[in-house]
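Offset between the sequence shown (1-based) and our numbering: plus 111. Please read the structure below before turning to the comments.
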Amino acid sequence: MSDQMIGSQSPAKKVSWLKRDVLLFNVSIGCTEPQFLYERHKDFAAFPTYPLALVFKQSNQEVIDFYSAQDSPVLPGGLRLDTKHLVDGQRAIEVLKPLPVTSEGRDFEFRSKVL
112 MSDQMIGSQS PAKKVSWLKR DVLLFNVSIG CTEPQFLYER HKDFAAFPTY PLALVFKQSN
172 QEVIDFYSAQ DSPVLPGGLR LDTKHLVDGQ RAIEVLKPLP VTSEGRDFEF RSKVL
């Protein structure tokens with residue numbers, strides 16, 4: 112990776128989700144704990160890694176084509192990332208507090224940075 116890319120950030124993207132999205136994610140990753148599987152559970156919650164899926168989902172409520180939904184950001188030095196030829200080696204998330212089970216009535220955005 113070029114040293115020019117380290118520290119670069121992509122523009123913030125608005126994201127939104129519903130309880131349905133959280134439930135589908137929790138089930139799809141194989142959660143077995145009741146608080147992740149039953150939306151009426153008193154402690155129903157998004158699995159802590161759910162925010163990592165929001166970079167792909169953004170605010171779409173339909174099934175999306177992954178490649179057409181991704182933009183190819185221009186990085187310092189005029190470098191353009193082509194998501195079709197990119198190896199995503201690692202992602203990190205810093206959890207400041209639990210994510211609400213729905214974004215309704217709130218504004219959220221996702222920010223990415225090359226470390």
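From the three backbone atoms N, C-alpha and C, an ideal C-beta is built for every residue, glycine too.
query	result
From the DSSP output, in three-state form, read off Leu135 for me.	helix
Could you work out which residue in Lys153, Gln169, Val133, Ser170 is closest to Pro159 when comparing CA atoms only?	Val133
If I measure Cβ to Cβ from Ala157 and keep anything under 7 Å in the same chain, skipping five residues before and after, which residues do I get?	Val133, Leu210, Val212
Grouping DSSP H, G and I as helix and E and B as strand, with all else coil, what is Leu190?	strand
Determine the extent of the beta strand (DSSP E) in which Lys124 is found, giving its start and end residues.	124-126
Just to confirm the assignment, what range does the alpha helix (DSSP H) spanning Phe167 have?	161-168
Tell me whether Gln120 sits in a helix, a strand or coil according to DSSP, three-state version.	strand
With 16 as the cutoff for other CB atoms within 10 Å, does Tyr161 come out buried or exposed?	buried
How far does the alpha helix (DSSP H) with Ser147 in it extend, from its first residue to its last?	Residue identity check: residue 147 is Phe in the sequence provided, not Ser. 145-148 is the span of the alpha helix (DSSP H), which, as asked, contains Phe147.
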